[in-house]
Amino acid sequence: MLRMAIALPLYLGVLFWLAHKQSVPDNLSEKWLKIAFLGFIGYYLSSWFDLKGLEMISAQLERLTLFTYPIMVALLGALFFKTPLTRKIVISLFISYTGLWIVFYKELSLVGENVPLGTLLVALAALSFSFYVLFGKQEIKAMGSVWFTGLAMSVSSIFVLIHFTIFNNYADLTITPLAWLWLGLLAVFSTVIPSFMISEAIHRIGPAQTGIVGSLGPIMTMGLAIWILNEAFTIWHALGMLCVVAGVSLLSYKNK
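The sequence shown maps to residues 1 to 256 in the UniProt record's numbering.
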């Protein structure tokens, strides 16, 4: 909540600047409901699923599960937009989820009984984000990535604030100066800037390719989880990681 509370004025500032530098996108009043829905599922709902799941599983399994969203985008594209479900997509699906199952099975013996629920929650986060990037692409193309991101993320931030107000107590918050520093860094460098970058990437190269380019994400997360969090890393984690990254990267392969 604090991360999004810090980020919200930044998003509103970008929108204010855009409104003075550019014309407001056409038919914006007619698109508010769709933008609000995409903001709800893309960052509020997806983040809630992801963080709740992360309470129950390792950062390594969480990142690998979340990284399968490009395959979900391809499957949802076939379901809703009639894009062909090619043999390459099916093979990619099999390889990636084989690797995910390997890590999942190993985590059962290392972490405990909450692993299935935690993995399911993170998978729902990936599915929610897949809907966001797939259906958001049309609006990004129509109004531009900066307008869309500023609007959708502002809506998402408001949903987070409402959620906290309903289910939590502000009086329980005790924030140290060091925590405020980390929250500020997270808001700027792990929320605002990446959100604009991802939207522009979706606009330029498409949702599936955007996920594929981020194939270093799981590798870097696993390395940091081992180094900073002292999480266990076995040959099974390595094999699972290779399968997931290989399966998702297969989607980027193009025949000559």
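Ideal placement from N, C-alpha and C gives every residue a C-beta, glycine not left out.
Using 10 angstroms around the beta-carbon of ASP172, count the other beta-carbons present and answer buried if the total reaches 16, otherwise exposed.
The sequence position of residue 172 within the sequence shown is 172, counting from 1. ASP172 comes out exposed.
Output the distance between the C-alpha atoms of ILE41 and PHE94, rounded to the nearest integer angstrom.
Residue mapping note: residue 41 aligns to position 41 of the sequence shown, counting from 1. Residue mapping note: residue 94 aligns to position 94 of the sequence shown, counting from 1. In a straight line, the C-alpha of ILE41 is about 26 Å away from that of PHE94.
According to DSSP, simplified to helix, strand and coil, what is SER58?
The residue you call residue 58 lines up with position 58 of the sequence shown. Reduced to three states, the DSSP call for SER58 is coil.
For GLN138, report the span of its alpha helix (DSSP H) as first-last.
Here residue 138 refers to the residue found at position 138 of the sequence shown. It spans 115 to 143 - the alpha helix (DSSP H) in which GLN138 sits, taken as one unbroken run.
By the DSSP assignment, the alpha helix (DSSP H) with VAL245 in it spans what residues?
Reading the sequence shown from its first residue, position 245 is the one you call residue 245. Counting along the chain, the alpha helix (DSSP H) containing VAL245 begins and ends at 235 to 250.
Can you give the beta carbon distance from VAL244 to PHE104, rounded, assuming they're within the 8 Å contact cut?
Numbered from its first residue, the sequence shown carries residue 244 at position 244. Numbered from its first residue, the sequence shown carries residue 104 at position 104. That pair is no contact at about 11 Å.
Report buried or exposed for TRP147, applying the criterion of at least 16 other Cβ atoms within 10 angstroms of its Cβ.
In the sequence shown, the residue the question calls residue 147 occupies position 147. Result: buried.
Less than 9 Å separating the beta-carbons of VAL115 and ILE57?
Working through the sequence shown from its first residue, we reach residue 115 at position 115. Working through the sequence shown from its first residue, we reach residue 57 at position 57. In this structure, ILE57 lies closer than 9 Å to VAL115 by Cβ.
Whose C-beta lies closer than 8 Å to the C-beta of ILE202 among residues of the same chain, with five residues either side of it excluded?
Counting from 1 along the sequence shown, the entry for residue 202 is found at position 202. Same-chain partners within the cutoff: VAL133, GLY136, LYS137, ILE140, SER145, THR210.
Straight-line CA distance for HIS20 to GLY13?
For the purposes of this step, residue 20 is identified with residue 20 of the sequence shown, where counting begins at 1. For the purposes of this step, residue 13 is identified with residue 13 of the sequence shown, where counting begins at 1. Looking at the two C-alpha atoms, the distance is approximately 11 Å.
Taking ALA5 as the reference, give the member of LEU28, GLY53, THR191 with the closest Cα.
Residue mapping note: residue 5 aligns to position 5 of the sequence shown, counting from 1. Nearest option by C-alpha distance: THR191.
Hey, which unbroken runs of the alpha helix (DSSP H) at 4 residues or more fall wholly within the region 163 to 229?
177 to 187, 193 to 205, 207 to 213, 216 to 228, all fully within the region 163 to 229.
Using only CA atoms, which one of ARG63, ALA152, THR83, TRP48 lies nearest to ALA99?
The sequence position of residue 99 within the sequence shown is 99, counting from 1. Looking at the sequence itself, residue 99 is Gly, so the reference to Ala does not match. Per the Cα distances, ARG63.
Touching or not, the region 78 to 91 and the region 150 to 167, by the rule of three or more beta carbon pairs under 8 Å?
Cβ pair count under 8 Å is below three, so no.
I need the boundaries of the alpha helix (DSSP H) containing PRO70, first residue and last residue.
For the purposes of this step, residue 70 is taken as residue 70 along the sequence shown, with counting starting at 1. Element bounds for PRO70: 69 to 80.
Could you work out which residue in GLY206, TYR43, VAL24, LEU127 is closest to LEU8 when comparing CA atoms only?
Here residue 8 refers to the residue found at position 8 when the sequence shown is read from its first residue. The residue with the shortest Cα to Cα distance from LEU8 is TYR43.
What is the DSSP secondary structure of GLU107, reduced to helix, strand or coil?
What you label residue 107 is simply residue 107 of the sequence shown in a count that begins at 1. Correct three-state label for GLU107: helix.
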